[in-house]
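Shown next, in structure tokens, is the structure this report addresses.
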Amino acid sequence: MPENTPKYKNPPLTEAIFELFFEAENWTPAVPGLFFSSVSKEYPIITQAQNGIGFILGPGGLQIDSGNNALTQYKSADGSSIIQLSNGLLTVNKLPEYSGWNSYRDSILDALSKLQKLVTIKKINRLGLKALNKIDIKSHSLSEFKKFYTILPTFPEGLNHDWSSIQMNFEVPKNEGNDILALSIATILKEPKFEAPTLMQLYFTRTKNADSTNPKEWIEEAHLNLKQLFESSLTANCKKNFE
Amino acid sequence: MTETLTSISRYNKDNILKDRTSSSKERTSGLIKYCYTATGSLNIDNACSIELMRLSVRQRLNNQFQLRNDVVEIDFLIKNPEILTLVFEIRESIVKKFETFNIALELHSESSDWETLFIVVSTNAAWEKSNAFVNQLFKKLFKTQPETANKINLIIAPDAI
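From first to last, the protein sequence lines stand for chains G and Y.
Numbering-wise (the numbering used here), the first sequence opens with residue 20 and increments by one.
Numbering-wise (the numbering used here), the second sequence opens with residue 23 and increments by one.
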């Protein structure tokens, strides 16, 4: 972590996700079991996602999509650290309590190293690092939203309502288009412990020339980008709640 | 700084279209599932996120069901999407049958391989009416979806409201 970025006692992070889409040379159905043998100390719970789930917001509204048939999940005893593995995808997920970037980065590199001992990754198709943050803005209104976020919609005169539902998506190419830095902020329905939650997603993904990427170096750059975007997108008033 | 944050770019529209039609392993294995917003943004991709999948189910339930726990019932529905569809079908049947009701979902777990979702309906109806409804529903369910029927239990609490 860069020295000049603050650490928070109560960060709003609800999940950090590293994802690696790959093509393996020697994948066999035995790999998920062998992988479990190597991670079972830290991730003693193994489950096979028989019928994962997805949702698509299509013209007809929210629709259920078909699942991930061959996804194996490895969970820590408290369920807060999860590895997901299939032929083509490795993810390392961290749910609260988040114990800092260094610890999370090490768990990513460890999972990657253990996978590489079992299979030869012949091609990396895509890498991604995502941070999900849930921030309570107390009331779903643009006037309250402005107290928490620095990135704001603007409206022409006559439409200056106190809008209650907000969804914004931004993306910018980075590193000559090899990477994309994305930001999404949206109000979401009230849920336990949150009066007026907003979901802030920060995503850095390498979609081009991923194959020639050194994952260890790339995740540091990805983290730096996410951290800077996080710091810049929130007001000082908002960040007081994390201290 | 020459880069500018822009809303959805043509890049994403092209790539989403490519992903939808791609025959690559990524796509055909169903691992990438984009959640299309009005702008088709790349970053709303919930396939890899535990929290986003939970959020999707939570928002879909949309406060129409009380949950005993904020996580375990939702994780069960993620693992069993056919039951998520089913609880809404059951709710539809209940709406037609009972005037006043509320529905709670409670997961009872003997082990990770033996979990049953209890759908507990509190109504103002009499016992006879409630009992007949449950018998009829399960008779139909065991005939059409026996595997799913084995994972749920429906309890109607009459005169409870």
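Ideal placement from N, C-alpha and C gives every residue a C-beta, glycine not left out.
If you're wondering where the values come from, they're calculated on a predicted model, not measured in any experiment.
Among the residues of its own chain, which have a CB less than 7 Å from the CB of residue i, if the five just before and after it don't count?
i, result
"ASN144/G", "PHE40, PHE41, GLU42 and ALA229"
"PRO30/G", "TYR117 and PHE261"
"SER251/G", "THR169"
"LYS142/G", "PHE41, GLU42 and ASP230"
"TYR27/G", "PHE261 and GLU262"
"LEU137/G", "VAL50, LEU53 and PHE54"
"ILE238/G", "PHE37, ARG124, ILE127 and LEU148"
Consider the Cβ of residue i: report whether some Cβ of chain G lies at a distance smaller than 9 Å.
i, result
"GLU73/Y", "yes"
"ASN172/Y", "no"
"ASN85/Y", "yes"
"LEU77/Y", "yes"
"GLN81/Y", "yes"
"LYS101/Y", "yes"
Short of 8 Å in beta carbon distance, which residues of its chain neighbour residue i, apart from the five on each side in sequence? Order them along the chain.
i, result
"ASN233/G", "none"
"LYS47/Y", "Because the pLDDT of LYS47/Y is 32, which lies under 50, any placement of that residue in the model is unreliable, and the number read from its coordinates should be weighed accordingly. Within the same chain, LYS47/Y has no close Cβ partners at all."
"PHE160/Y", "ALA171 and LEU176"
Please list, in chain order, all residues of the same chain as residue i whose beta carbon is under 6 Å from its beta carbon, the five residues on each side excluded.
i, result
"THR224/G", "GLY147 and ILE199"
"ARG90/Y", "GLU128"
"ALA126/Y", "GLN88 and VAL142"
Step through the CB atoms of chain Y and report whether any lies within less than 9 Å of the CB of residue i.
i, result
"GLN135/G", "no"
"THR47/G", "no"
"GLY52/G", "no"
"THR33/G", "yes"
Residues of chain Y with a CB under 9 Å from the CB of residue i: which are they?
i, result
"LEU151/G", "SER71, GLU73, LEU74 and LEU77"
"GLU116/G", "Those do not exist, as GLU116/G stays about 14 Å from chain Y at its closest Cβ, beyond 9 Å."
Which residues in chain A sit within 7 Å of residue i, going by Cβ to Cβ distance?
i, result
"THR110/G", "Absent here is chain A; the protein component of the structure consists of chains G and Y."
For the beta strand (DSSP E) containing residue i, list its first residue and its last residue.
i, result
"GLY147/G", "140 to 155"
"ARG225/G", "216 to 225"
"SER71/Y", "Premise fails: SER71/Y is in no beta strand (DSSP E) and is neither H nor E."
"TYR93/G", "90 to 94"
In chain Y, which residues lie with their C-beta within 8 Å of the C-beta of residue i?
i, result
"LEU208/G", "ARG80, GLN81, ASN84 and ASN85"
Where does the unbroken alpha helix (DSSP H) through residue i begin, and where does it stop?
i, result
"ASP181/G", "ASP181/G -> no alpha helix (DSSP H), and no H or E assigned at all."
"GLN247/G", "234 to 252"
"GLU104/Y", "103 to 119"
"GLN167/Y", "It is not in any alpha helix (DSSP H) - GLN167/Y carries neither H nor E in the DSSP assignment."
"ALA255/G", "255 to 259"
For residue i, go through chain Y and note every residue whose CB falls closer than 7 Å to its CB, in chain order.
i, result
"ILE101/G", "ILE72"
"ILE36/G", "CYS70 and SER71"
Going along chain G in order, which residues have a C-beta closer than 9 Å to the C-beta of residue i?
i, result
"ASP92/Y", "GLU210, PRO211 and LYS212"
If you pair each beta-carbon of the segment 48 to 68 of chain G with each one of the segment 149 to 169 of chain G, do three or more pairs fall below 8 Å?
No: the two stretches stay apart, fewer than three of their Cβ pairs being nearer than 8 Å.
Is the segment 183 to 201 of chain G in contact with the segment 109 to 117 of chain Y, if contact means three or more CB pairs nearer than 8 Å?
Taking one beta carbon from each stretch, the segment 183 to 201 of chain G and the segment 109 to 117 of chain Y have fewer than 3 pairs nearer than 8 Å; the two do not touch.
The segment 193 to 211 of chain G contacting the segment 128 to 140 of chain G, beta-carbon criterion three pairs below 8 Å
no
Counting beta carbon pairs with one atom in the segment 129 to 138 of chain Y and one in the segment 149 to 160 of chain Y, are three or more of them shorter than 8 Å?
no
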